[in-house]
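Trainee: Chains as they are written, first to last, in the working numbering: chain L, 2 to 449; chain F, 40 to 369. By construction, the Cβ of each residue, glycine as well, lies at the ideal position given by its N, Cα and C atoms. Bear in mind that the values here come from a model prediction, so they are computed numbers and not experimental data.
(1) How is the alpha helix (DSSP H) around residue 251 of chain L delimited, first residue to last?
(2) Name, please, each residue of chain F whose Cβ falls closer than 7 angstroms to the Cβ of residue 170 of chain L.
(3) Near residue 28 of chain L, which residues of its chain fall below 7 angstroms by C-beta distance, leaving aside the five closest residues on each side in sequence?
(4) Between the alpha carbons of residue 182 of chain L and residue 312 of chain L, how many angstroms are there, rounded?
(5) Please work out which residues of its chain come closer than 7 angstroms, Cβ to Cβ, to residue 327 of chain F, disregarding the five sequence neighbours upstream and downstream, and give them in chain order.
(6) Using a Cβ distance threshold of 8 angstroms, determine whether the stretch 78–97 of chain L contacts the stretch 134–142 of chain L, with at least three qualifying pairs required.
(7) I need the straight-line Cα distance from residue 318 of chain F to residue 439 of chain L, nearest angstrom please.
(8) Against chain F, with Cβ distances strictly below 8 angstroms, would residue 98 of chain L count as a contact?
(9) Closer than 8 angstroms by beta-carbon distance: list the chain F residues that pair up with residue 332 of chain L, in chain order.
(10) Tell me which residues of the stretch 327–354 of chain F have at least one Cβ-Cβ distance to chain L shorter than 9 angstroms, keeping chain order.
(11) I'd like to confirm the pairing. Which residues does DSSP put opposite residue 312 of chain L in its beta bridges?
(12) Pull up the distance between the alpha-carbon of residue 195 of chain F and that of residue 91 of chain F, whole angstroms please.
(13) At which residue ranges does the stretch 5–53 of chain L contain complete beta strand (DSSP E) runs of 3 or more residues, listed in the order of the chain?
(14) Please classify residue 45 of chain F: is it buried, with 16 or more other beta-carbons within 10 angstroms of its beta-carbon, or exposed?
(15) Jot down the residue ranges of each uninterrupted alpha helix (DSSP H) in the stretch 163–192 of chain F, minimum 4 residues, whole runs only, in chain order.
(16) Compare the beta carbon distance of residue 162 of chain L and residue 105 of chain L with 8 angstroms and say whether it is the shorter of the two.
(17) Quick one, which residues of the stretch 134–160 of chain F are near chain L if we go by CB-CB under 7 angstroms, in chain order?
(18) Please list the residues of the stretch 62–82 of chain F that have a C-beta atom closer than 8 angstroms to any C-beta atom in chain L, keeping them in chain order.
(19) So is the beta-carbon of residue 236 of chain L under 7 angstroms away from any non-hydrogen atom of the ligand ATP?
(20) Quick check: the Cα distance between residue 351 of chain F and residue 408 of chain L, rounded to an integer number of angstroms?
(21) Could you tell me whether the Cβ atoms of residue 305 of chain L and residue 330 of chain L are closer together than 8 angstroms?
(22) Closest by CA to residue 159 of chain L, which one among L:135, L:202, L:225, L:357?
(23) Let's test the definition: count the other Cβ atoms within 10 Å of the Cβ of residue 239 of chain F and tell me whether it reaches 16, buried, or not, exposed.
(24) So, does the CB of residue 1 of chain L fall closer than 8 angstroms to a CB anywhere in chain F?
(25) Given a cut-off of 8 angstroms, decide if residue 174 of chain L and residue 341 of chain L are closer than it, judged by their beta-carbon atoms.
(26) Hey, is the stretch 266–285 of chain F in contact with the stretch 336–347 of chain F, meaning 3+ C-beta pairs nearer than 8 angstroms?
(27) Looking at residue 389 of chain L and residue 353 of chain F, is the spacing between their C-beta atoms short of 8 angstroms?
(28) At what residue ranges does the stretch 318–343 of chain L contain a whole run of the beta strand (DSSP E), taking only runs of 3 or more?
(29) Buried or exposed for residue 184 of chain F, please, with buried defined as at least 16 other CB atoms from any protein chain shown within 10 angstroms of its CB.
(30) Output the boundary residues of the beta strand (DSSP E) element that contains residue 436 of chain L.
(31) State buried or exposed for residue 352 of chain L, treating a residue as buried only when at least 16 other CB atoms are found within 10 Å of its CB.
(32) Considering Cα atoms alone, identify which of F:345, F:300, F:337 is closest to residue 159 of chain F.
(33) For residue 102 of chain L, which three-state DSSP category applies?
(34) For residue 222 of chain F, decide whether its Cβ has a neighbour in chain L, counting only Cβ atoms nearer than 8 angstroms.
(35) Residues of chain F with a CB under 9 angstroms from the CB of residue 107 of chain L: which are they?
(36) Any idea what DSSP makes of residue 110 of chain L, helix, strand or coil?
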């Protein structure tokens, strides 16, 4: 293992609590390979936080790669594009991985991957042009949350936002696509960083990753050093490998020492945090004008025959992606999209890949087995692990008692559901589930 | 294609640490072994049989009470009843009649622990609850301190000196004897060396945090310094104060009980300082020779209140808001 090169900053402030998880970065040396174009893709109209899109095509229409097929006039949303060329086979409701119904467009591929003729690099003279172009690209946060990027970057210029933090922490076990992005697309990352800095006026840019990625630092450092126009604004920063280092609040605290108050956003403390893959995409988009129609994923876990990093068209069937990775080597007992700490367990593989999915993990019986829930022994490991200084066991007790007063007082709405509490619990209590229940009870009470 | 019939679909996180309740309890038992061996060496085989009877009574009563009365799941597998049995025995003189031990165990397990909801729900430490029940019921037998070296094989009635604990005795054992435990006292509390070994093991294994033992023992040390100056005693007075009675046993193994101590570090320190202060007040001004048990039980009862004031504010709560909240509460 190589060392982290000199000249890399260290975290301004350490994260409280958190947990040391096994990294399982088995695929870190696997270059991203593109899967063969699937025969059909199912593209949901809700792959972002915010308003769903309305389908703009009807059954029988011919579409090409990058053609707009879903949009809305709501601000917090991101348009949706065809990821293969071919014929629209169906437009209708499908059940999403989280169990909610969403409209979706099913496209039968003609195998040609024809680019839509309207694609051209965006012309950018002003900030407004840039934000418009980002919206048109359909970009959402690729780290997992799926927040529309144009909304995030559209902050008032007088808000005193001075720092851009590029998040390459990738603190979830197994996932290595952000790492691959740093190694394979480092030029793109840095060129996008300079563009963002110039157009949006950041005074400081920090690219931060955990200390288990020395190779990424070496590659990025080499390029940053070669760049002559470096006016000492872009800095690399190494962070302790500790989950949930990559959570937005933890990232801002580590990189700048600033604390985001409950219910506030990074922009309230003068920061914008962007996932490294989103940043690299912006650079490619500005050159080509090709909207977000594919993404990289890590496919791994004890039930996968050949773990890989793959690039897939949005809407590809998860089962087909697993087949591409050699299928299952043992019978899978649990399949999740995203990482093991915050990912979503899915009910089957007949589901499409979404813009914000960064991994598909399948586990055998041993890895999928969860501890039997026993009584809380009040040991306090959950509170010690909570990076946000909450006391999950007390929230659980208040939730069981439906004591909304206490739930509010001890701040359950601050919880980001990172899972550090439930991970640490010796009694196997699904604490995150109780946090969600508590939030639901509070929401219901508020809507009364 | 895989469908959902054979898949687990549970809430995140999908990875869990390997730590279990049983594993934690097993670590505590391991940490108590040195002191158990020392008790056998110092007070003879009867110390071990008292402990064995106490453990058996705790485990059987927990199993039977849950099965036949509460009709709840069997929880003896979590090993917490074993710890209660050992700790209660450690707080008894080795010559105590077995039937008294069993009564104390029944009180600890059934009244203090199970009737309040079982593990994690007891309002005071069960072992201390049991001990205080026995102190009040059988004060004679409970203060008949066995002297060391009564004979290893002596399982019958043991000659005991009443009230010969170092805290009230004129003829003190040497500091070395105190450290090794060659003095009269409860069977598990005397060997400081063995207790500290166990404490270090628990700290290394991160089963306990140092906050409570350090603040508890530290407070006793500070008050002892003041008392030493007032009473014009020599510096060895402090060492005797720290090593006598059940202070080390209490501070390391009893006050750190999860269910009855606060969770936050700040709360733990308040809890430990409170225990230390009450211990000293009883020792210096009370009519009882020893105050560790009472100090812990009083702080156990205060623990939920301490928790309420000492719980940290959620990440990023602005300082002003903290102040405003405090004023609103007041």
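Mentor: With the given structure in hand:
(1) Translated into positions along the first chain, residue 251 of chain L becomes position 250. Here the alpha helix (DSSP H) through residue 251 of chain L covers 249–257.
(2) Counting from 1 along the first chain, the entry for residue 170 of chain L is found at position 169. Simply none; closest approach about 17 angstroms.
(3) Locating residue 28 of chain L in the first chain gives position 27, counting from the first residue. Correct list, in chain order: 177, 299, 301, 308, 309, 310.
(4) Counting from one through the first chain, the residue named residue 182 of chain L turns up at place 181. Counting from one through the first chain, the residue named residue 312 of chain L turns up at place 311. Approximately 12 angstroms between the Cα atoms of the pair.
(5) In the second chain, the residue the question calls residue 327 of chain F occupies position 288. Contacts found: 321.
(6) yes
(7) To locate residue 318 of chain F, count along the second chain from 1; it is residue 279. To locate residue 439 of chain L, count along the first chain from 1; it is residue 438. Cα-Cα distance, rounded: 41 angstroms.
(8) Residue 98 of chain L sits at position 97 when you count from the first residue of the first chain. So, not an interface residue.
(9) Looking up residue 332 of chain L in the first chain gives position 331. Per Cβ cutoff of 8 angstroms: 45.
(10) Flagged, chain order: 346, 350, 351, 352, 353, 354.
(11) Along the first chain, one-based indexing puts residue 312 of chain L at 311. The partner list for residue 312 of chain L (beta bridge, DSSP) reads L:35, L:297.
(12) Translated into the one-based positions of the second chain, residue 195 of chain F becomes position 156. Translated into the one-based positions of the second chain, residue 91 of chain F becomes position 52. The predicted model places residue 195 of chain F with a pLDDT of 46, which falls under 50 and marks its position as unreliable, so this point remains unresolved.
(13) 41–45
(14) Here residue 45 of chain F is taken as the residue at index 6 of the second chain, counted from 1. For residue 45 of chain F, the number of other beta carbons within 10 angstroms of its own is below 16, and it is reported as exposed.
(15) The stretch 163–192 of chain F contains these whole alpha helix (DSSP H) runs: 165–176, 178–181.
(16) Along the first chain, one-based indexing puts residue 162 of chain L at 161. Along the first chain, one-based indexing puts residue 105 of chain L at 104. Not closer than 8 angstroms, so no.
(17) 157, 158, 159
(18) Those residues of the stretch 62–82 of chain F placed with their C-beta closer than 8 angstroms to a C-beta in chain L are 62, 63, ordered along the chain.
(19) The ligand ATP is not part of the structure shown, which contains no ligands of any sort.
(20) By one-based count along the second chain, residue 351 of chain F stands at place 312. By one-based count along the first chain, residue 408 of chain L stands at place 407. Our two residues, residue 351 of chain F and residue 408 of chain L, have alpha carbons roughly 14 angstroms apart in a direct line.
(21) Position 304 of the first chain, counted from the start, is the residue given in the question as residue 305 of chain L. Position 329 of the first chain, counted from the start, is the residue given in the question as residue 330 of chain L. Yes, these two residues count as a Cβ contact at 8 angstroms.
(22) The residue labelled residue 159 of chain L in the question sits at position 158 within the first chain. Checking every option, the nearest Cα to that of residue 159 of chain L belongs to L:202.
(23) For the purposes of this step, residue 239 of chain F is taken as the residue at position 200 of the second chain. By the neighbour-count rule (16 or more Cβ atoms within 10 Å), residue 239 of chain F is not buried but exposed.
(24) The question about residue 1 of chain L has no answer, for chain L in this structure spans 2 to 449.
(25) For this step, residue 341 of chain L is matched to residue 340 along the first chain. For this step, residue 174 of chain L is matched to residue 173 along the first chain. Yes, the Cβ-Cβ distance between residue 341 of chain L and residue 174 of chain L is below 8 angstroms.
(26) Counting C-beta pairs with one atom in each stretch, the stretch 266–285 of chain F and the stretch 336–347 of chain F have fewer than three that are closer than 8 angstroms, which means they do not touch.
(27) Taking the second chain and counting its residues from 1, the one referred to as residue 353 of chain F is at position 314. Taking the first chain and counting its residues from 1, the one referred to as residue 389 of chain L is at position 388. Yes. Within cutoff.
(28) Within the stretch 318–343 of chain L, the runs of beta strand (DSSP E) at least 3 residues long that lie entirely inside it are, in chain order, 335–338.
(29) Numbered from 1 along the second chain, position 145 holds the residue referred to as residue 184 of chain F. That one is buried.
(30) On the first chain, position 435 is the one that residue 436 of chain L refers to. First-last for residue 436 of chain L: 432–448, but that is the alpha helix (DSSP H), not the beta strand (DSSP E).
(31) In the first chain, the residue the question calls residue 352 of chain L occupies position 351. So residue 352 of chain L ends up on the buried side.
(32) The sequence position of residue 159 of chain F within the second chain is 120, counting from 1. When each option's Cα is compared against that of residue 159 of chain F, the closest is F:300.
(33) Mapped onto the first chain, residue 102 of chain L falls at position 101. It is a strand residue.
(34) Translated into the one-based positions of the second chain, residue 222 of chain F becomes position 183. No - not a single Cβ of chain L is within 8 angstroms of the one on residue 222 of chain F.
(35) Within the first chain, the letter at position 106 stands for residue 107 of chain L. The premise fails here: residue 107 of chain L is roughly 16 angstroms from chain F at the closest Cβ pair, so nothing lies under 9 angstroms.
(36) For this step, residue 110 of chain L is matched to residue 109 along the first chain. In this structure, residue 110 of chain L counts as strand in the three-state DSSP scheme.
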